[in-house]
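Mapped onto this note's numbering, the consecutive letters of the sequence shown carry residue numbers 4 to 440. Where a beta carbon is used, it is the ideal one built from N, C-alpha and C, also for glycine. To start, the structure itself, in structure tokens.
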Amino acid sequence: MKGYIICIILLFFQVHSFCQTNDSRMIQMKTIKDIGNQKVFRGCKEITNYSFLKGISDTLKTFKVYRITHNLKQGIYQSYLENKIDSIEYKNLVEKYNIKKLEISPYIIKCHTHILSGLINENKQKVIICDNNNNYDFSDDPLLLYNVDILNNKFSLDSCRTSTLQFEYFLNNKIHEKQINVKILPINPSFSHSDPIDTLLYLSYVICEHKIGSFTYKNSQYELQIPHNWGFAASYENAILLLADNNNFKTIYRKIDPEITIGREFNLDENIYLKVNSISMFGDSLNLSIYSVNNNHEGIYPGDFIKPLDFYDVFKENVKVPDIDKYTVLDFWGTWCAPCVAGLPKLKVFYQKYKTQIELISIAHDKDIEKVKKFIEEKEMNWVHKFENNAKKNPEKLVEKLKVECFPTFILLDKSGKILSRGCGEQQLKEIEKILN
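Below you can see the structure in the form of structure tokens.
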């Protein structure tokens, strides 16, 4: 299950140009920015070497210094240059984040924002100073003051001021001056430390930006939203997009599973599909296609068809999908998945109620097949089971073919293999029941 942020960058995409080949349409859209709210908290990282920072009052005795990194790859490289990580750790991080020399400045640039967090008046008040202009000096930045008793009892996100942070981003052999809107949060309810002072000093933040653009198709208006890509402000290659129907001045974002990403086609309306082909650096524009497809189109969303499945279950019995006599429910789970295990009693009740109408197939995304088999037998899960090793990537695995990103995921297929419904969690079982009843 995934997490998000505070702030919004409205971007209205205007249709720039389009061309049509057969039944395909290409649309380019530009963006503009505005501010909104998106509540995803991120922790600030504490630093212990802050001798280069000015403006820390000698009267402030209890404090810590934190930072926000705006370019993760650049930040890793600079940590290596400053001997904060050794060559072995740096090499591992280069491989993990695919860091390329052309993507980072060979010199130190201002890719971090530093924040001072302190306690005054016998720890009754918390003071926060953010180096908004990134001049390594807190003395010319606004001071934020909070009463600790209010933080512990009645803290409101709306009470936090939005700060505009300036930073540098290296791209295409050039240093770009950029800025971002954030709210520095004086408290994070999800963070706790054995030392209560450390808990009080801790900081988190939310980004107050995302990008929104609109387009029209067949007299219907749609809206696309691009949340800010934390840590990679100039790279949106892994961005997750949200889609909304925007009619009668009401915008309701669809709950889409799996989420829309670059290159992943999505069923917009009946046989009409949408695919985002690319997003520009800094997310200022995107390119998408809208096109029609033939019936029986194979895909991963409701309305699509899946390829026929032919496999052996965990007990070496041959299984074929779709079943010409029944609906099929695919259940993606794992013994490691707490919601999957907690929801098992309701899944068993569901199966007993509908077993004459459905073939239930549970696909265990797990490490140890023997552990899975033992679990199945102990819990009396008396239906079809398939095992897929989650330690090995394989494009033939159903979890990869169907882009399953949330557990448990339930997918309902009709007798021809058409996806009727898919979603995550207990609520999805209720949606399937509505269809079966």
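{"Query": "Considering only the alpha carbon of each residue, which of Glu226, Phe413, Cys427 and Glu268 lies closest to valine 279?", "Result": "Glu268"}
{"Query": "I'd like to check one pair, serine 166 with valine 151: are the Cβ atoms closer than 9 angstroms?", "Result": "no"}
{"Query": "Which residues share a DSSP beta bridge with histidine 368?", "Result": "Glu391"}
{"Query": "Return the CA-CA distance between aspartate 89 and tyrosine 83, expressed in angstroms with no decimal places.", "Result": "7 angstroms"}
{"Query": "In three-state DSSP terms, what is isoleucine 50?", "Result": "strand"}
{"Query": "Apart from the five residues on each side of it in sequence, which residues of its chain come closer than 7 angstroms, Cβ to Cβ, to asparagine 25?", "Result": "For asparagine 25, the pLDDT reaches just 39, beneath the cut-off of 50, and the residue's location in the model is therefore unreliable, although a value from the coordinates is still provided. Hits under 7 angstroms: none found."}
{"Query": "Check whether the Cβ of proline 261 lies closer than 9 angstroms to any Cβ atom in chain B.", "Result": "The structure shown has no chain B; it contains just one protein chain."}
{"Query": "Distance, Cα to Cα, leucine 347 vs valine 402?", "Result": "19 angstroms"}
{"Query": "For my contact list, proline 261 and lysine 406 are in at a C-beta cut-off of 8 angstroms; report their separation, rounded to the angstrom.", "Result": "4 angstroms"}
{"Query": "The alpha helix (DSSP H) that contains glutamine 81, what's its start and end?", "Result": "75-84"}
{"Query": "According to the Cβ coordinates, are threonine 116 and histidine 179 closer than 9 angstroms?", "Result": "no"}
{"Query": "So the alpha helix (DSSP H) valine 151 belongs to, where does it begin and stop?", "Result": "151-156"}
{"Query": "Are the beta-carbon atoms of lysine 113 and phenylalanine 170 separated by less than 9 angstroms?", "Result": "yes"}
{"Query": "Could you give the residue range of the alpha helix (DSSP H) that holds threonine 65?", "Result": "Taken as a continuous stretch (DSSP letters only), threonine 65 belongs to no alpha helix (DSSP H), being part of the beta strand (DSSP E) at 65-72."}
{"Query": "With DSSP as the reference, label threonine 202 as helix, strand or coil.", "Result": "helix"}
{"Query": "Is the beta carbon of glycine 216 sitting closer than 9 angstroms to the one on isoleucine 132?", "Result": "no"}
{"Query": "Would you mind listing the beta strand (DSSP E) stretches within the segment 77-139 that are 3+ residues and don't spill past its ends, in chain order?", "Result": "115-123 and 128-133"}
{"Query": "CB leucine 244 to CB isoleucine 275, shorter than 9 angstroms?", "Result": "no"}
{"Query": "For threonine 412, count neighbouring Cβ atoms within 10 angstroms of its own Cβ and tell me buried if that reaches 16, exposed if not.", "Result": "buried"}
{"Query": "With distances taken Cα to Cα, identify the nearest neighbour of leucine 289 among Trp339, Leu168 and Ala242.", "Result": "Ala242"}
{"Query": "Does the structure place the segment 368-380 close enough to the segment 322-329 that three or more beta carbon pairs sit under 8 angstroms?", "Result": "no"}
{"Query": "Short of 7 angstroms in beta carbon distance, which residues of its chain neighbour lysine 310, apart from the five on each side in sequence? Order them along the chain.", "Result": "Glu301"}
{"Query": "Anyone know if the C-beta pair for leucine 122 and isoleucine 200 falls short of 9 angstroms?", "Result": "yes"}
{"Query": "Just tell me which of His368, Ser60, Ser292 and Lys104 has its CA closest to the CA of valine 130.", "Result": "Ser60"}
{"Query": "Can glutamate 106 and leucine 168 be called in contact, C-beta distance under 9 angstroms?", "Result": "no"}
{"Query": "Do you know how far the Cα of asparagine 138 is from the Cα of aspartate 37?", "Result": "Reliability fails at aspartate 37, whose pLDDT of 48 lies under 50, so the model's placement of it is uncertain and the value that follows must be treated cautiously. Answer to the nearest angstrom: the Cα atoms are 26 angstroms apart."}
{"Query": "Is the beta carbon of asparagine 393 less than 9 angstroms from the beta carbon of lysine 370?", "Result": "yes"}
{"Query": "What does DSSP give as the partner residue(s) for arginine 45 in the beta ladder?", "Result": "Tyr208"}
{"Query": "If you follow the beta strand (DSSP E) that leucine 333 is part of, which residue opens it and which one closes it?", "Result": "330-336"}
{"Query": "Which runs of the alpha helix (DSSP H) at least 4 residues long sit entirely within the segment 291-356? Give them in chain order.", "Result": "341-345"}
{"Query": "Checking 9 angstroms against the spacing of the C-beta atoms, do leucine 416 and isoleucine 438 come in under that value?", "Result": "no"}
{"Query": "Quick check on isoleucine 111: buried or exposed, where buried means 16 or more other Cβ atoms within 10 Å of its Cβ?", "Result": "exposed"}
{"Query": "Could you check the C-alpha separation between asparagine 135 and isoleucine 229 for me, to the nearest Å?", "Result": "24 angstroms"}
{"Query": "Can you say whether isoleucine 118 is buried or exposed, counting buried as having 16 or more other CB atoms within 10 angstroms of its CB?", "Result": "buried"}
{"Query": "On the DSSP bridge assignment, give the partners of cysteine 409 in chain order.", "Result": "DSSP output for cysteine 409 lists no bridge partner at all."}
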